[in-house]
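Residues in the sequence shown are numbered from 51 upward in steps of one, following the working numbering. Positions of the beta carbon are idealized from the N, C-alpha and C atoms, including for glycine. First up is the structure itself, then whatever we jot down about it.
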Amino acid sequence: MCLSCGFATDRDYHIKQQNGRIGDEDHELQEWSADEDAEEIEPLDQMPDQRQRYQRNNGWNVEEMFNTNSQMGVQSTYEEDLRQYTTAPVEGNEEDRRRADQIAREIENSQQSKFNARLENDDDERDLDKQTTEEDFELQSKRGGGAGGQR
């Protein structure tokens, strides 16, 4: 714990507080005041939206950005219809769809696939947050196990 070195973790402050030594003089809060040379800061409710702010600060417009990129040898893959960001339309006919579904069923029903699924889904911690219902408790009691079955 090094509160006097100017660096301390939350744990250090917590220990200090627990030991009853709250409030060092060197940790008093000080009110912030702007320097005389500081720029005037706009109140949040009077600030323009981001686009206006960037335009006011000579921000890039899209065409200018793409033109500059082209001059520097950078070619954009951007498409205005945004097709590279959406799901591709399904290609093929109904027969292709049925064949794909059949192949998927064959894969999912294979022993290797089932084994891999069990391996992937076998998580020792998966039931730690499972809520025990009254019905679960009654079933355990009837079997003679657990807290409900001991008398």
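When DSSP states are grouped into helix, strand and coil, N143 belongs to the coil group. Inter-residue distance for E158 and K164 is about 7 Å (C-alpha atoms, whole angstroms).
Per DSSP, reduced to three states, the secondary structure at Y128 is coil, with no helix or strand assignment.
Contact between N119 and S126 holds, with the beta-carbon distance rounding to 6 Å and staying under 8 Å.
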